[in-house]
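Take a look at the structure below.
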Amino acid sequence: MQHRLQAFANRGLTRRPNEVIEWVMAEAFAVADLPAAKAARYDALRVEIAAVLEGEANPVARMATVAAMLAQAFDTFFWTGFYVVDPARPAELVVGPYQGTLGCLRIAFGRGVCGAAAAARESVIVPDVEAFPGHIACDSRSRSEIVVPVLDAGGALLAVLDIDSTDLAAFDEGDRQGLEAIARLVPPPSAD
Ligand code: SME
């Protein structure tokens with residue numbers, strides 16, 4: 175099946191808020207044109223995502239774009255999205271932009287795979303969620319998952335990127351490297 179998505183970015187919006195917004199096509203995101211091999215696919219996708227995010231400082235827009243493009247690029251991704259550190263309750267993650275079936279709204283630090291990755295500020299790969307103590311089953315079809323921290327330039331935790339698959343052992347070291355590189359695109363550059 176051929177997917178073709180036209181991604182658009184607005185340019186100049188933050189410069190003069192009252193002027194007519196000019197919409198220009200930033201990049202054609204053609205999933206069918208991405209390389210099949212995993213490492214090359216992540217590399218190409220990272221470049222595409224960076225191009226679409228350029229000039230956009232809003233963190234929700236950035237996370238929503240990353241979730242949508244990742245979910246389209248990998249058929250094995252059943253749930254793809256973010257749990258964000260809640261400024262009102264800093265020991266909790268609250269659901270952010272995602273693609274997939276209904277996710278849990280809140281996860282305490284240290285609970286489940288997301289909470290473990292948030293507490294350690296390190297990626298966690300779980301080949302079989304049923305073997306992970308305290309796994310939070312938002313959807314019983316999820317069989318394996320990877321959770322990657324999203325850190326700001328100072329190393330503070332902003333969110334985690336959580337990806338679930340209905341396949342057992344769907345994620346490996348290549349996914350960790352590819353997703354960590356993409357997670358680094360999430361915080362808006364300070365120069366934006
Ligand atoms: N699996 C996660 C919970 C979030 S859902 O999968 C969307 C966990 O155990 O942290």
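When we follow our numbering, the leftmost residue of the sequence shown carries the number 175, and every step to the right adds one. We put the CB at the ideal spot given by N, CA and C, even for glycine. All of these numbers come straight from a predicted model, not from anything done at the bench.
A straight line joining the alpha-carbon of Gly348 with that of Thr254 spans about 17 Å.
Boundaries for Gly284: no beta strand (DSSP E) harbours it, and the DSSP string shows neither H nor E there. Counting C-beta atoms within 10 angstroms of its own C-beta, Ala241 has 16 or more neighbours from the protein chains shown and is therefore classed as buried. By the criterion of at least three beta-carbon pairs nearer than 8 Å, the segment 247-264 is in contact with the segment 338-353. A residue is called buried when at least 16 other Cβ atoms come within 10 angstroms of its Cβ; Ser318 meets this threshold and is buried.
Straight-line measurement puts the Cα of Val300 at about 11 Å from the Cα of Ser316. The beta-bridge partner set that DSSP reports for Phe256 consists of Leu335. Between Ser314 and the set Ile223, Ala224 and Phe252, the nearest pair of CA atoms involves Phe252. Remark: fewer than three beta-carbon pairs, one from each stretch, lie closer than 8 Å, so the segment 254-266 and the segment 221-231 are not flagged as touching.
Shown here for Gly284: same chain residues with a beta carbon closer than 7 Å to its own, the five before and five after excluded, namely Ala290 and Ala293 in chain order.
For Ala210, there is no enclosing alpha helix (DSSP H), as DSSP marks it with neither H nor E. Close CB contacts of Val298 within its chain, under the 6 Å cut and outside five residues either way in sequence, are with Val287, Ala290, Ala291 and Val321 (chain order).
Per DSSP, the unbroken beta strand (DSSP E) holding Pro264 starts and ends at Arg263 to Gln273.
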